[in-house]
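Under the working numbering, think of the first position of the sequence shown as 946, with each following residue one higher.
Data block below; observations after.
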Amino acid sequence: MKISEILNNNKVTVSFEVFPPKEWAKLADTKKVISEMVKDKPAFMSVTYGASGTTSGYTTEIANAIRQGGVTPLSHLTCLTSTKEKINSVLDELEKKGVENVLALRGDIPKDFIMSKSQYYHHAYELVNEIKARNHFCIGGACYPEVHPESKNRVEDIAHLKEKVDCGLDFITTQMFFDNEKFYNFREMCAIKEINVPIIAGIMPITNAKQIKRSAELSNASIPKKFEKIMERFGENPDVMKQAGIIYATEQIIDLMANGVNNIHIYTMNKPDVAHQIMKGLSAIINEQG
């Protein structure tokens, strides 16, 4: 099923993100993670693409495992360090395996990487155009509620997002955020600029205090005082911090749903128990609104 169909039925949806292993020998372990997560019946599951395309084969394999588990897969695809031939090879493989959904991303800039004019892809919208030309895939894109780290300001960031959406995106998914007000302000800006595709709110449960700095840097997310206090109080106790992080993420999602945000994407970090506890905490709400 195409994700655009899932999102356009006005029901509450909760989806998961997983990442592939770095080594083929660990593929079976990741598939076990998948088999546990599909039991919670997420609306769909996305699988990330390795840095510089290093695990692209694993990505398609995991996407296929998700599909075989009865859940709609969404395969990430990054283009910055890829050739046109490589991108088309991956898209051919996804089509062959029956995967209909792609999250089109530029990708993070590798360390010591120099952008050259000879590269085929420089921006995500170029990849969107490439995928759109196939007339087969439902295409998603990424967005930053608190401004892309490389953008000068919010105005420039929204303008780039609008350009990308107008190339043919069917939906956009936010990077993680920890302050819902940031998301509500972003949603309003999108409406003003007539970015009218569904916006999926990306939530990461922080279950380890050491995890927060790196996660916040990647998404350019600010840490609200409320969450700082949680880390100060519970950060040294792993079990307590895990529980507090799950509760905080669940409360974020409940607030989002109460404010009309129907579509939630959970960055699970391949932790089935964390995903399960959040879904358990939301079960009545999802059933009532679904």
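We treat Cβ as the ideally placed atom computed from N, Cα and C, and that holds for glycine.
Since this is a predicted model, take the numbers as computed values, not measurements.
Output the distance between the C-alpha atoms of residue i and residue j, rounded to the nearest integer angstrom.
i            : j            : result
residue 967  : residue 1013 : 22 Å
residue 1091 : residue 1168 : 11 Å
residue 1208 : residue 1045 : 19 Å
residue 998  : residue 1039 : Low confidence applies here, because residue 998 scores a pLDDT of 48, under 50, leaving its location unreliable and the question unanswered by this model.
residue 1165 : residue 1176 : 19 Å
residue 1118 : residue 1127 : 14 Å
residue 965  : residue 1007 : 7 Å
residue 972  : residue 979  : 11 Å
residue 963  : residue 948  : 17 Å
residue 955  : residue 1037 : 32 Å
residue 1028 : residue 1187 : 41 Å
residue 1093 : residue 1078 : 27 Å
residue 891  : residue 1144 : Only positions 946 to 1235 of the chain appear in this structure, which leaves residue 891 out of reach.
Please confirm if residue i has its CB atom under 7 Å from at least one CB of chain D.
i            : result
residue 1225 : Here there is only one protein chain, and chain D is not present.
On the DSSP letters alone, give me the boundaries of the beta strand (DSSP E) that residue i sits inside.
i            : result
residue 1054 : Counting along the chain, residue 1054 falls outside any beta strand (DSSP E), and DSSP gives it neither H nor E.
residue 1022 : 1018-1023
residue 1084 : 1083-1088
Less than 8 Å between the CB atoms is what I'm expecting for residue i and residue j, so what's the real figure, rounded?
i            : j            : result
residue 1072 : residue 1104 : The pair is not a contact, with the Cβ atoms about 18 Å apart (cut-off 8 Å).
residue 1047 : residue 1022 : 5 Å
How far does the alpha helix (DSSP H) with residue i in it extend, from its first residue to its last?
i            : result
residue 1140 : Premise fails: residue 1140 is in no alpha helix (DSSP H) and is neither H nor E.
residue 1153 : It is not in any alpha helix (DSSP H) - residue 1153 carries neither H nor E in the DSSP assignment.
residue 1191 : 1183-1203
residue 1103 : 1099-1111
residue 1176 : 1170-1179
residue 975  : 972-982
Indicate whether residue i and residue j have their beta-carbon atoms separated by less than 7 Å.
i            : j            : result
residue 988  : residue 1011 : no
residue 1146 : residue 1201 : yes
residue 1221 : residue 974  : no
Legend entry - the region 1095-1110 contacting the region 1137-1145, beta-carbon criterion three pairs below 8 Å: yes
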